[in-house]
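Chemist: The opening position of the sequence shown corresponds to residue -17 in the working numbering, with each subsequent residue numbered one higher.
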Amino acid sequence: MRTQTLEDDHKNNYLETSMQTIRKSVATFAMLALAGGAMAQSYPEREISGVIQWSAGGATDVVSRAITPHVEEIIGKKIVMQNKPGGVGAIATNFVYQQSADGYTLLYGAENPQLHAVMGIANLDYSKFYPINILGRGKVVVIANNDKPWKSFRELLDDIEANPGKIKMGTAGPGSVPHTVSAMITAVAKLPVTAVPFDGDGPGLTALQGGHIDFMASSLGSAAEHIKAGRMRVLAVLSDTAMTDSALGNIPPITDALPGVAKYLPWGPFYGVFAKRDIPEEAKAKLSAAFRKAAQSPQFIELMNGRHNEIVNLSGEEADAFLKKWQSVTAWILQGAGLAKHSPAEFGIPKP
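1. Among the residues of its own chain, which have a CB less than 8 Å from the CB of T153, if the five just before and after it don't count?
2. Enumerate in chain order the residues of its own chain whose CB-to-CB distance from A83 is below 7 Å, with the five nearest sequence positions on each side excluded.
3. CB-CB under 7 Å to I56, same chain, minus the five flanking residues each way: which ones, in chain order?
4. Which of helix, strand or coil does DSSP assign to L341?
5. Alpha carbons only, please: which of A169, S46, E299 is nearest the one belonging to G320?
6. Given this structure, state the Cα-to-Cα distance separating Q64 from S31, to the nearest angstrom.
7. Could you round the C-beta distance between K150 and V175 to whole angstroms and report it? I think they count as a contact, below 8 Å.
8. From which residue to which residue does the beta strand (DSSP E) around Y79 run?
9. Could you compute how far the alpha carbon of E328 sits from the alpha carbon of P280?
10. Do E29 and V62 have their C-beta atoms within less than 8 Å of each other?
11. Hey, quick one: how far does the alpha helix (DSSP H) through F273 stretch, first residue to last?
12. For K172, count the other beta carbons within 10 Å of its own beta carbon; 16 or more makes it buried, fewer makes it exposed. Which is it?
13. If we ignore side chains and look at the alpha-carbon of each, how far apart do R26 and G85 end up?
14. Checking the sheet assignment: what are the DSSP bridge partners for Y112?
15. Just how far apart, CA to CA, sit K210 and V219?
16. Tell me the rounded alpha-carbon separation between A144 and V53.
17. Using DSSP bridges, identify the partner residues of D351.
18. Do the region 302 to 319 and the region 223 to 240 make contact, defined as three or more Cβ pairs closer than 8 Å?
19. So, for K60: in the same chain, excluding its five sequence neighbours on each side, which residues have a beta-carbon less than 7 Å away from its beta-carbon?
20. On the DSSP bridge list, what partners appear for A126?
21. Give the DSSP-derived three-state secondary structure of G157 in the structure shown.
22. Apart from the five residues on each side of it in sequence, which residues of its chain come closer than 6 Å, Cβ to Cβ, to P234?
23. For the pair the region 296 to 312 and the region 112 to 127, tell me if three or more CB-CB distances fall below 8 Å.
24. Give the DSSP bridge partners of N65, in chain order.
25. Starting from the N-terminal side, write out each stretch of the beta strand (DSSP E) that is 3 residues or longer and does not extend beyond the region 160 to 188.
26. Using a Cβ-Cβ cut-off of 7 Å (strictly less than) and excluding sequence neighbours within five positions of R47, which residues of its own chain qualify?
27. Determine whether the beta carbon atoms of Y108 and L305 lie at a separation below 8 Å.
28. Shortest alpha-carbon distance to L106 belongs to which of L117, S134, T75?
29. Report the start-end ranges of each alpha helix (DSSP H) in the region 289 to 321 that is 4 residues or longer and not cut off at the edges.
If you want it as structure tokens, here you go:
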């Protein structure tokens, strides 16, 4: 009987110890869950770094700095902005990709990384990032030096055909707006011009005013004030419909002179905010909601309209679809014009 009693005592002690262990584990798990919930609710706990792909004063910089104060007000933390230009956007993109996937480093960028692979610049594109928000898309125009006689894009094309190699066109590096628009034109017509490269729209527009180049394609946001002031002449808008503006007048579509370009439209540069693809879901949700709300603010809408940009305001899967379509169309335009260093097929980019 004594032996049986001892065995029962051991069993009871074992069961009690096991129950205590289970209770402690449950309590610990509950505490961790509550802590995790508190952490999720408290994001962001500190200031965020915002890295801009392009230099100060450019179109991407202006849009980025316009949206950020509204986001800061929503999330309650500062976003410290810095410009890291260079490599047609590759330097800033790679820098952000090398940071921790904690949601505290954002990339404010434009369309260029979607073409880096086919242009032989880098293999890193936005598929490696989570699109917090595609904020907007810009309109593109073809502009000319005021001293040139052309009154339409058709007249410019006729002069280029009559004087091959003599007319100077401004460009801004592989995958830039001028470079891509020239590829579109080359895909449907001959364009025997002398290309003069610049580090962005700004220097190109300055050169255009000084007569160092004869024409170039540019985002309307960058060129609008120069056009309004009469410092350069606008020949066409990259669209299949005319654009009418109270300050700029009536701008004919590029398809008036080149109907074949219509298959590539609508097209334009875009501006977005990105983070590493595997940041915490809480950060994705809070940042996406904040930028979505900020993009609806009257002040931001006024700025975008004033710079002739179209509000897009997409995030997540919708933004991913937008990015893939833009990459597909543009990469194969460059391939068709013989301007791509690598075929889009090498990187699994489907034909549009």
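Each residue gets a CB set at the ideal place from its N, CA and C atoms; glycine is no exception.
Note that the structure is predicted; figures quoted are calculated from it, not measured.
Modeler: According to the structure shown:
1. Here the question's residue 153 lines up with position 171 in the sequence shown. Same-chain partners within the cutoff: P160, H161, S164, A177, V178, P179, F180, G186, M198.
2. Taking the first residue of the sequence shown as position 1, residue 83 is located at position 101. Closer than 7 Å at the Cβ level, and outside the excluded window around A83, lie K258, D260, I261.
3. Within the sequence shown, the letter at position 74 stands for residue 56. Excluding residues up to 5 positions away in sequence, A272, K275, A276 lie with their Cβ nearer than 7 Å to the Cβ of I56 in the same chain.
4. Because the chain is modelled from -17 through 334, residue 341 falls outside the range shown and cannot be assessed.
5. Counting from one through the sequence shown, the residue named residue 320 turns up at place 338. Ranking the options by Cα distance to G320, first place goes to A169.
6. Indexing the sequence shown from 1 puts residue 64 at position 82. Indexing the sequence shown from 1 puts residue 31 at position 49. If I take the Cα positions, the gap works out to 8 Å.
7. Walking along the sequence shown from the start, residue 150 turns up at place 168. Walking along the sequence shown from the start, residue 175 turns up at place 193. With 8 Å as the limit, K150 and V175 qualify as a contact, their Cβ atoms being about 7 Å apart.
8. Position 97 of the sequence shown, counted from the first residue, corresponds to residue 79. That residue, Y79, is in no beta strand (DSSP E); its alpha helix (DSSP H) goes 72 to 79.
9. The residue given as residue 328 occupies position 346 in the sequence shown. The residue given as residue 280 occupies position 298 in the sequence shown. Taking the straight line from one Cα to the other gives about 43 Å.
10. Looking up residue 29 in the sequence shown gives position 47. Looking up residue 62 in the sequence shown gives position 80. Yes. Within cutoff.
11. Position 291 of the sequence shown, counted from the start, is the residue given in the question as residue 273. First-last of the alpha helix (DSSP H) with F273: 263 to 276.
12. What you label residue 172 is simply residue 190 of the sequence shown in a count that begins at 1. K172 is exposed by the Cβ-count criterion.
13. Residue mapping note: residue 26 aligns to position 44 of the sequence shown, counting from 1. Residue mapping note: residue 85 aligns to position 103 of the sequence shown, counting from 1. Contrary to the premise, residue 26 reads as Pro rather than Arg in this sequence. Rounded to the nearest angstrom, the two C-alpha atoms are 8 Å apart.
14. Walking along the sequence shown from the start, residue 112 turns up at place 130. Bridge partners of Y112 according to DSSP: A257.
15. Residue mapping note: residue 210 aligns to position 228 of the sequence shown, counting from 1. Residue mapping note: residue 219 aligns to position 237 of the sequence shown, counting from 1. K210 and V219: Cα-Cα distance of roughly 15 Å.
16. Residue numbering aside, residue 144 sits at position 162 when the sequence shown is read from its first letter. Residue numbering aside, residue 53 sits at position 71 when the sequence shown is read from its first letter. Roughly 53 Å separates the two Cα atoms.
17. This structure leaves residue 351 out entirely; the chain is present only between -17 and 334.
18. The region 302 to 319 vs the region 223 to 240: no contact.
19. In the sequence shown, residue 60 corresponds to position 78, counting from 1. So the list reads E29, E54, once near-sequence residues are dropped.
20. Within the sequence shown, numbered from 1, the residue matching residue 126 stands at position 144. F197, R215.
21. Stepping through the sequence shown from its first residue, residue 157 is reached at position 175. If DSSP states are grouped into helix, strand and coil, G157 belongs with coil.
22. The residue you call residue 234 lines up with position 252 of the sequence shown. Hits under 6 Å: A218, A224.
23. Between the region 296 to 312 and the region 112 to 127, the count of C-beta pairs closer than 8 Å reaches three or more; the two stretches touch.
24. The residue given as residue 65 occupies position 83 in the sequence shown. Bridge partners of N65 according to DSSP: I34.
25. List check, beta strand (DSSP E) in window: 176 to 179.
26. Working through the sequence shown from its first residue, we reach residue 47 at position 65. Same-chain partners within the cutoff: M63.
27. The residue labelled residue 108 in the question sits at position 126 within the sequence shown. The residue labelled residue 305 in the question sits at position 323 within the sequence shown. Between Y108 and L305, the gap from beta carbon to beta carbon is short of 8 Å.
28. Translated into the one-based positions of the sequence shown, residue 106 becomes position 124. Minimum Cα-Cα distance from L106 among the listed residues L117, S134, T75 corresponds to T75.
29. Those alpha helix (DSSP H) runs which fall completely within the region 289 to 321 and span 4+ residues are 298 to 318.
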